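In the working numbering, the protein residues as written are 4 to 605.
As structure tokens, then:
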């Protein structure tokens, strides 16, 4: 038990959930493997066309040299004009072919990037749907998820283009070597030495700049959060009622300025180094052209080669800068690829075929500590739930009520502890239907909102209308023009429900899962008026049958109708029993809470 406790609290102090270091090469391999899985044919076709398109460099360099030399010979009367025209037309047609090839490559890239983005988004969403709840309780994990979701559609295609650049570097190197082999080796050596020396200096200057982007993430995440608060119905209502716009605007401005300040620090360093690199890398270029000019004057090289060499050296410089830029960006962006990869390695819930039908449920749970907290949310706990029992869980805020039912539903604690039925250890995840206090209001149709209660089967219209009738919404939905297909929320201009009506939709979701042997209802009547509250409690009680039903509520009026009341305080069950028993207990917490609430109404 202590090992479990220590492990959970170690997470609370920021351990990285067992993830290993992830570097540039790992990121490159991850993107390569992901691209192959997303669209193998499109990926390899894009790389092949990228290699073919590099031949355009050879064609343009050759055309420059041949055309200049031919025109020069024509001017000297050493060449016929028809020959020159044929050369120009031939190279023009060749250039046209390469333009068509590049258009084809761009079209293939467009389709491939679409497939890649679809695949990465689909795999990430599918994974996040199954990962353990604890990852959503960790700050490090939430930063990782935010980074992956917000940047992966930009980073993965960028990495693929970089892979193409690295592959095409080889044929380009062969092309450049072919032309440089015609130059005095000492000139080439001088050029390369200067190039390598200045490059080494600039690499050291640039090192460390890209890693600074990590510091921007926390500011960027914060300012985006504050910005997102303005624009939805609920936050706008609070903004206007409490005059919070100026307050949150200041918070957003502060976070935005912090983010901007960090970005500008990086930009200033980068811009100074970039301009320095442009100056230094032009020195080998100028020296080489000067040396080649002497070769032309000595008659060792033709004037066409000198003009071509100008383009050649520019191409070498552009290729080098492109590779260098890709390497720097890839090193910086490796963090996003790493985050994507690590999320895919997160632990998932183990699927359980078990469905609870009858019998006692024996529960032995360890103590639990949330990753972002040092306090124990739940202490070691032993409990037996009896078949058909209706329980009410009560207690102060933060007493462990919701943590207990969340663990019971196999959403927390990595399955630690044990839940047994008939002496056999089981997972209750498939057996439970829940309404949480913060239930989600999906901006989808009424049909889809209820269908989510049991997504494994398709509900008929008859079942849907029956559920709406049960929760008291049939008449309301029948009055809508599109009935069950009415889309709720602000995405479509078809209507919306009040909080109380949404709560009834949430209850309909619960009822839709017919094979659930356990119902958990966390504040199921929080948004209902007193009469509706009594109606809903009686309805749930009537429909529950032999199911185990666990109510969680701060309103204690209905507690007297339940079979047993569990009183939580500071992460443990401090009292349990029927209403009458607990009311007879002098100094009891339940008696105190119930008496205080009763005073409101007496």
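Even for Gly, the Cβ is constructed at its ideal location relative to N, Cα and C.
From a predicted model like this one, the values you see are computed outputs, not experimental measurements.
Between the CA atoms of residue 538 and residue 398 - distance to the nearest angstrom
24 Å
### Query
Which value, in whole angstroms, describes the spacing of the CA atoms of residue 460 and residue 602?
48 Å
Report task. Would you kindly report the start and end of the unbroken beta strand (DSSP E) that includes residue 395? Result -> 393-398
Under a three-way DSSP split, which group does residue 427 fall into? strand
Could you compute how far the alpha carbon of residue 35 sits from the alpha carbon of residue 258?
36 Å
- Can you tell me which of the three DSSP states residue 444 falls into? Judged by DSSP in its simplified three-state form, residue 444 adopts coil rather than helix or strand.
Identity of the residue in 152, 137, 107, 278 nearest residue 129 by Cα:
Ranked by how close their Cα comes to the Cα of residue 129, the residues 152, 137, 107, 278 have 152 in first place.
field: For residue 435 and residue 371, believed in contact at Cβ under 8 Å, the rounded distance
entry: Not quite, the Cβ-Cβ distance comes to about 18 Å (not below 8 Å), so this is no contact.
Exercise for review: State the Cα-Cα distance for the pair residue 530 and residue 440, rounded to the nearest angstrom.
Suggested key: Between residue 530 and residue 440, the alpha-carbon positions lie close to 10 Å from each other.
**Message:** Considering just the uninterrupted stretch of the alpha helix (DSSP H) at residue 575, what are its terminal residues?
**Reply:** Segment 575-580 is the beta strand (DSSP E) holding residue 575; no alpha helix (DSSP H) there.
| request: Could you check what DSSP says for residue 436 in three-state terms: helix, strand or coil? | output: strand
If contact is defined by three or more beta carbon pairs under 8 Å, each pair taking one atom from either stretch, is the region 343-356 in contact with the region 119-133?
They touch, by the three-pair rule.
Other residues of its chain near residue 14: CB distance less than 6 Å, five sequence neighbours each side excluded: Note that residue 14 scores a pLDDT of 38, beneath 50, so its modelled location is shaky and nothing firm can be said.
Practice item. Quick one: grab the DSSP three-state call for residue 512. Key: helix
*Taking residue 295 as the reference, which of 307, 486, 285 has the closest Cα?*
307
Locate the alpha helix (DSSP H) running through residue 336, then write down its first and last residues. 306-347
Between the region 265-272 and the region 161-176, can you find at least three pairs of beta-carbon atoms closer than 8 Å? no
Using the beta-carbon count (16 or more within 10 Å), is residue 511 buried or exposed? buried
Q. Straight-line CA distance for residue 454 to residue 429?
A. 26 Å
Where does residue 34 sit, in a helix, a strand or coil, going by DSSP?
helix
What are the uninterrupted segments assigned as alpha helix (DSSP H) that are 4 or more residues long and contained completely in the region 514-599, given in chain order? 533-547, 582-586
query = Counting along the chain, where does the beta strand (DSSP E) carrying residue 365 start and finish?
reply = 364-368
Query raised in the report: Taking just the CA atoms, how far does residue 262 sit from residue 222?
Result: 5 Å
- Query: Can the beta-carbon of residue 123 be found closer than 7 Å to that of residue 159?
  - Reply: It is a contact, given that the beta carbons lie within the stated cut-off.
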